[in-house]
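Residue 146 in full-length UniProt numbering sits at position 146 of the sequence shown, with consecutive numbering throughout.
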Amino acid sequence: MYDVIIIGGGPCGLAAGIEASKAGLSHLILEKGSLTESIRRYPKMMRFFSTAENIEIGGIPFPIAGVKANRTEALQYYRKVAGYFKLNFKLFTEVNHVTRFVGEADQPEKTDDLFTVFTTDGKTYQTRKIILATGYFDKPRWLKIPGEDLPHVTHYYDEPFQYSFTNVVIIGASNSAVEAALELYRADAHVTIVHRADDFRKTVKYWLVPDVKNRVKEGKIHTRFSTCVTRIEPGRVCTTNLQTGEESELPADFVLILTGYIPDAELLQECGVELNPETQVPTYDKETFETNVPGLYVCGTVMAGIYTEKVFIENGRDHAKAIIDHIAGKPVRKVAELIDRI
Ligand SMILES: Cc1cc2nc3c(=O)[nH]c(=O)nc-3n(C[C@H](O)[C@H](O)[C@H](O)COP(=O)(O)OP(=O)(O)OC[C@H]3O[C@@H](n4cnc5c(N)ncnc54)[C@H](O)[C@@H]3O)c2cc1C
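So this is what it looks like as structure tokens:
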């Protein structure tokens with residue numbers, strides 16, 4: 001029997017483990033992949049947009065030679081922090097179901113929040129409280145178009161060199177799409193960005209905008225704005241111009257669909273958490289992060305619904321403090337920024 005089980009071993013789940021440990025609560029972190037699995041799967045050459053100090057957890061400094069960490073430095077840092085706090089985790093252990101014990105009808109308040117956590121390897125774990133910190137990186141936003149599941153199509157960009165001297169169509173015009181396009185162009189891929197709107201998204205990092213726009217102006221990266229891909233076939237994609245209705249084709253040895261990710265609604269609902277049908281934001285208390293399921297909390301990006309750009313490590317790491325304060329019966333520290341955001 002644990003005081004807290006944390007589902008997900010990303011930065012926010014680790015922060016929850018650290019706070020639990022500092023508060024003297026027994027904890028277990030169940031992680032379906034490796035430690036900080038999402039970051040491990042990020043593009044190999046990525047650099048965080050946050051400064052290193054803004055993605056620190058547990059009050060442990062994150063010293064690097066520059067200002068912003070890259071993927072390898074972040075992986076090293078979170079691993080060392082997890083070791084330093086002797087966090088208790090089980091890796092490669094996926095949770096697929098959670099049930100909450102409901103007390104006798106005449107004394108429901110006496111339940112003390114007993115949960116059973118079920119994992120896909122058939123094991124069960126008992127705990128008093130649950131913190132869901134499963135992030136959003138496992139569920140790409142599928143376009144639901146024919147051919148999206150073909151082998152030359154991916155929703156994850158890894159590294160540029162496998163694409164050199166090939167035709168690559170990137171669907172989407174967000175940060176991920178722009179960063180991938182620039183890396184691919186610099187690795188001699190022939191890149192075309194296809195996007196529904198008439199320009200890059202406004203959320204693209206300001207320092208990337210001149211780089212990508214100048215490459216487009218020079219004809220080194222191609223764009224088809226106000227255009228959607230209607231089907232993907234081996235070697236090509238079919239597109240429709242949303243303004244003129246004109247249909248055409250583009251050569252595509254590879255297709256990268258970089259239209260973002262979304263928290264796993266199924267797992268949340270499996271745990272009894274209610275979701276706003278439009279925004280997919282779970283029902284939770286804005287100060288304690290307890291959901292409509294008493295004793296079950298959301299922590300980090302999992303609470304963002306469709307607004308995944310609003311909750312990230314910088315603000316998500318502090319949820320853990322409020323959650324553990326609430327579980328430990330202490331005055332709850334405020335996470336002000338998020339309360340204004342969603
Ligand atoms: C390319 C890129 C760059 C970014 N740069 C920044 C940045 O500079 N600054 C910033 O603040 N944010 C940044 N972000 C966003 C940030 O990485 C995420 O918001 C952050 O990882 C959220 O942390 P988390 O712990 O909530 O979720 P995650 O890091 O996604 O961790 C969730 C964990 O839960 C595990 N999991 C999922 N389902 C289950 C299950 N059923 N059972 C067990 N385990 C499960 C996953 O394997 C994963 O390890 C970036 C994101 C990307 C994609």
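Even for Gly, the Cβ is constructed at its ideal location relative to N, Cα and C.
To the nearest angstrom, report how far apart I7 and A133 are at their CA atoms.
Looking at the two C-alpha atoms, the distance is approximately 6 Å.
Outcome for M303 when other beta-carbon atoms lying within 10 angstroms are tallied against a minimum of 16
buried
DSSP three-state label for L87, please.
coil
For the segment 85-93 and the segment 11-21, state whether three or more C-beta atom pairs, one from each stretch, are separated by less than 8 Å.
yes
Can you name the start and end residues of the alpha helix (DSSP H) that D211 belongs to?
Segment 209-217, the alpha helix (DSSP H) holding D211.
By how many angstroms is the C-alpha of I5 removed from the C-alpha of V209?
42 Å
For ligand 1, any of its heavy atoms closer than 8 Å to the Cβ of residue 388?
The question about residue 388 has no answer, for the chain in this structure spans 1 to 342.
Any heavy atom of ligand 1 inside 8 Å of the beta-carbon of D121?
no
Exposed or buried, what is E247 when buried is set at 16 or more other beta-carbons lying within 10 Å of its beta-carbon?
exposed
When we look at the beta-carbon of P263 and count the other beta-carbons within 10 Å, is it buried (16 or more) or exposed?
Looking at its Cβ environment, which holds 16 or more other Cβ atoms inside 10 Å, P263 is buried.
To the nearest angstrom, report how far apart H190 and F165 are at their CA atoms.
7 Å
9 Å Cβ cutoff met for Y261 and P151:
For Y261 and P151, no; Cβs fall outside 9 Å.
Should E179 be listed as close to ligand 1, given that the test is whether its C-beta is under 8 Å from any heavy atom?
yes
Do A65 and ligand 1 come close, with the Cβ less than 8 Å from some heavy atom?
no
Helix, strand or coil at C12 [DSSP, three-state]
helix
For a quick check, are the C-beta atoms of I170 and I193 less than 9 Å apart?
With respect to the 9 Å criterion, I170 and I193 are classified as neighbours on the basis of their beta carbons.
Helix, strand or coil for E278, going by three-state DSSP, please let me know.
If DSSP states are grouped into helix, strand and coil, E278 belongs with coil.
Quick check: is any heavy atom of ligand 1 less than 8 Å from the C-beta of Y136?
yes
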